[in-house]
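The structure under discussion appears below in the form of structure tokens.
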Amino acid sequence: MLSVSGKNWEEIKVNHRILEKIKNDYNFSDILSKLIISKNFSSTEISSITNDIKISNPFLKNNDFEVGKKIIDETISKNKKILIIGDYDVDGCISTALLKIFFSHLNKEVNFYIPNRLKDGYGASITLIKKLTKIKPDLVIMVDCGSNSLESIKYLKSKNIETIIIDHHEVFNPYLKIKCFINPKKDCDYKIYDYLCSSSLVYFFIDNYIKKKKLNIRFENNLIYVLLATVCDVMPIRKLNRIIALNVLKKFNITENFLFNKIFSIKKIKRPFKIDDLGFLIGPILNSAGRLKDANIVVNLITSNDSNYIESVLNKLILLNEKRKFIESNILNNIDFNEIKKKNDNVVVEFKDLINEGIIGIIAAKLKDYFNKPSVILTKSGNFYKASARSTPDFNIGKYIKKCIDKKIIISGGGHNLAAGFNIKKEKIEEFNYYINNLYKKSDINNSKKYLSKISLSAVNFTFFNELKKIGPNGHGNNSPIFLLENVKILKPRIFKNKFVSFYAKSTSGKLFPGISFSFLESNTSSELLYNKNSVNLIAQIKENFWNNKKNLQLIVLDVIRYPNKA
1 MLSVSGKNWE EIKVNHRILE KIKNDYNFSD ILSKLIISKN FSSTEISSIT
51 NDIKISNPFL KNNDFEVGKK IIDETISKNK KILIIGDYDV DGCISTALLK
101 IFFSHLNKEV NFYIPNRLKD GYGASITLIK KLTKIKPDLV IMVDCGSNSL
151 ESIKYLKSKN IETIIIDHHE VFNPYLKIKC FINPKKDCDY KIYDYLCSSS
201 LVYFFIDNYI KKKKLNIRFE NNLIYVLLAT VCDVMPIRKL NRIIALNVLK
251 KFNITENFLF NKIFSIKKIK RPFKIDDLGF LIGPILNSAG RLKDANIVVN
301 LITSNDSNYI ESVLNKLILL NEKRKFIESN ILNNIDFNEI KKKNDNVVVE
351 FKDLINEGII GIIAAKLKDY FNKPSVILTK SGNFYKASAR STPDFNIGKY
401 IKKCIDKKII ISGGGHNLAA GFNIKKEKIE EFNYYINNLY KKSDINNSKK
451 YLSKISLSAV NFTFFNELKK IGPNGHGNNS PIFLLENVKI LKPRIFKNKF
501 VSFYAKSTSG KLFPGISFSF LESNTSSELL YNKNSVNLIA QIKENFWNNK
551 KNLQLIVLDV IRYPNKA
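My numbering applies: residue 1 is where the sequence shown begins, and numbers increase by one.
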């Protein structure tokens, strides 16, 4: 079925025999069984629906982690100087903070530095390394960066400075020749964990050290920060990430975390904490430092025990995040969406001279969401252009950026499946646009969209919703199921907060149900909800909402199909 946004929606088909087997083996409902099959849950993931599964460190026998432990041992025993370098996003800051907290347990002072996006650029560049090594460290630990910093590694070697890299970005050949290079994206025996963010790898690195040394250190309370990094870095909430999320959310009490609790207090939020708060509330506030100012403050914030300092910094970051929203809104208002539609490229490539470098990733994400296409935003930075890319799950942008580097189309860059950044000369932008769109054409991507089942609005209640929750927590890679609701009337539509459409959906039986769409107001989906007086078919998710201290259910509309249009 073709929607108003141009997407072709199809119902997910599953093997009936397998569905019946899961129903009978686990005593699950039809909808839960179909959901499990549609997501290809492993036996462990299925078991976690009815059983508690503890977090198990899969790297306790891993050679890279063992080598890293020995390097840390020697560094501490000989009282050598340590320097930590992290990326300026949430994952990089948390990775750095986790190491700082860990070394404080060992009474070891460390130096750390998060590169300034505007002054230093991304990662461990040779210029930055030369500047930072003036303090003469004996060990440099790079987290969430460093995988492709060949020149910097060679320089550190020449100065007899030991290096540990813990990263999860795409690795370009040749591999780094250092003793301890932890990255599941390299050719190694732990590639199956390539869905972990750097903070997860750092946590397990620390956990491995604590267990091997039999130290009396409780580090599990920091797992909430690992989950924050996982969500903010758009890692899939599946497999080990899902087990981490289940364990953390079961035990986490926001009142025991001063940082998170203070954010809720300042923002006047009185409902219970939920996983969505990590990606939509807490993450953007912390990320604003790296986007517009200096991300070193985030590491200090996470590692501080001073409540006055935490509150003071949070107030500044919340204001900074509001500034970020204002800048973002102005940039979006100056982008010609109709012109992009006319081009109809498979990959959206836009370049503007005056976009703030810290915002280009967000703008790329907005374009990706609006057009449902991989999107790249470029802005002028000195003698070249800086770019940020956000992609759809079926187009590994990190891999294709590597191809562009190999072809010498771009100067430098890196990333992972869903996000990347790179530098390019202006005269190469047109060639990049042609090449990346050509790669998309050759990648044989199926553009049809899937919904789980067709359901009646009258069937939507908490009993039904609680079945859906059993495969949670939801997030990237484990999204809330999508449903088709046919023959629905839209009542009382209104523009909410100047950017969303809220309404009531009315079924043929007369049942009213609240709904909201987060699509751009200029989108066909929003127009249909606001102005179509006829019945429509809705493509929607069902979410829990808290309003006036009451829990209720709400439709999150993703798309609209004009009625009649039978599935």
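All C-beta atoms in this analysis are idealised placements derived from N, C-alpha and C, irrespective of residue type, glycine included.
For the beta strand (DSSP E) that residue i lies in, which residues bound it at each end?
| i | result |
| --- | --- |
| N537 | V536 to W547 |
| D406 | Element bounds for D406: not the beta strand (DSSP E) but the alpha helix (DSSP H), I397 to D406. |
| D559 | K550 to R562 |
| R390 | F384 to R390 |
| F181 | C180 to I182 |
| I85 | I82 to G86 |
| S453 | S453 to I455 |
| E170 | Taken as a continuous stretch (DSSP letters only), E170 belongs to no beta strand (DSSP E), as it is neither H nor E. |
| I412 | For clarity, residue 412 is Ser in the given sequence; the question names Ile instead. It spans S412 to G415 - the beta strand (DSSP E) in which S412 sits, taken as one unbroken run. |
| I141 | L139 to V143 |
| E11 | W9 to E11 |
On the CB-based measure, 16 or more other CB atoms within 10 Å of its CB, does residue i come out buried or exposed?
| i | result |
| --- | --- |
| P137 | buried |
| R324 | buried |
| S581 | With the chain represented from 1 up to 567, any question about residue 581 goes unanswered, as that position is not in the structure. |
| I210 | buried |
| L491 | exposed |
| I18 | exposed |
| T50 | exposed |
| P174 | exposed |
| G6 | exposed |
| G146 | buried |
| G68 | buried |
| N433 | buried |
| F546 | exposed |
| E528 | buried |
| T255 | exposed |
| E170 | buried |
| E151 | exposed |
| K551 | exposed |
| P473 | buried |
| S291 | Going by the sequence as given, residue 291 is Arg instead of Ser. So R291 counts as buried. |
| K250 | exposed |
Whole angstroms is fine: what's the gap from residue i's alpha carbon to residue j's?
| i | j | result |
| --- | --- | --- |
| G86 | I539 | 41 Å |
| L281 | N478 | 20 Å |
| K214 | F205 | 14 Å |
| K408 | N63 | 35 Å |
| Y563 | N346 | 29 Å |
| H16 | S480 | 22 Å |
| I263 | N287 | 14 Å |
| K108 | I244 | 28 Å |
| K186 | N57 | 20 Å |
| I55 | T133 | 37 Å |
| V234 | D276 | 12 Å |
| N221 | K403 | 40 Å |
| N330 | I363 | 11 Å |
| K341 | N160 | 54 Å |
| E162 | L156 | 7 Å |
| D52 | K543 | 24 Å |
| S526 | N447 | 21 Å |
| I360 | F351 | 10 Å |
| N438 | I411 | 20 Å |
Would you mind reading off the limits of the alpha helix (DSSP H) that contains residue i?
| i | result |
| --- | --- |
| K39 | Element bounds for K39: n/a, residue is neither H nor E. |
| P284 | G283 to L292 |
| C197 | It is not in any alpha helix (DSSP H) - C197 carries neither H nor E in the DSSP assignment. |
| T50 | S43 to T50 |
| A229 | L223 to C232 |
| I424 | I424 -> not in any alpha helix (DSSP H); beta strand (DSSP E) instead, spanning A419 to I424. |
| L332 | S307 to N333 |
| E256 | Per DSSP, E256 belongs to no alpha helix (DSSP H) and is neither H nor E. |
| E467 | F462 to K469 |
| V67 | N63 to S77 |
| N437 | I429 to K442 |
Got a sec: does the ligand SAM put a non-hydrogen atom nearer than 8 Å to the Cβ of residue i?
| i | result |
| --- | --- |
| N338 | Looking for the ligand SAM in the displayed structure turns up nothing, as the structure carries no ligands at all. |
Problem set entry | Validate contact between the segment 382 to 395 and the segment 416 to 434 using beta carbons, cut 8 Å, 3 pairs | yes
Problem set entry | Unbroken stretches of the alpha helix (DSSP H), 4 residues or longer, contained in the segment 337 to 374 | 337 to 343 and 360 to 371
For this session: Inspect the CB distances between the segment 224 to 238 and the segment 193 to 200 and report whether three or more fall short of 8 Å.
Result: yes
Problem set entry | Completely contained alpha helix (DSSP H) runs for the segment 104 to 134, where each covers 4 or more residues | 126 to 132
For this session: Please go through the segment 477 to 540 and give each complete alpha helix (DSSP H) segment of 4 or more residues, from N-terminal end onward.
Result: 524 to 531
Exercise. Touching or not, the segment 510 to 523 and the segment 452 to 460, by the rule of three or more beta carbon pairs under 8 Å?
Worked result: yes
Exercise. Taking three-plus beta-carbon pairs below 8 Å as touching, is the segment 324 to 338 in contact with the segment 118 to 133?
Worked result: Segments in contact, no.
Exercise. Touch check for the segment 492 to 506 and the segment 521 to 536: three-plus C-beta pairs under 8 Å?
Worked result: Judged by Cβ distances under 8 Å, the segment 492 to 506 makes contact with the segment 521 to 536, as three or more pairs qualify.
Exercise. Three or more C-beta pairs closer than 8 Å, one from the segment 434 to 454 and one from the segment 32 to 40: is that the case here?
Worked result: Three or more pairs of CB atoms, one per stretch, sit closer than 8 Å, so the segment 434 to 454 contacts the segment 32 to 40.
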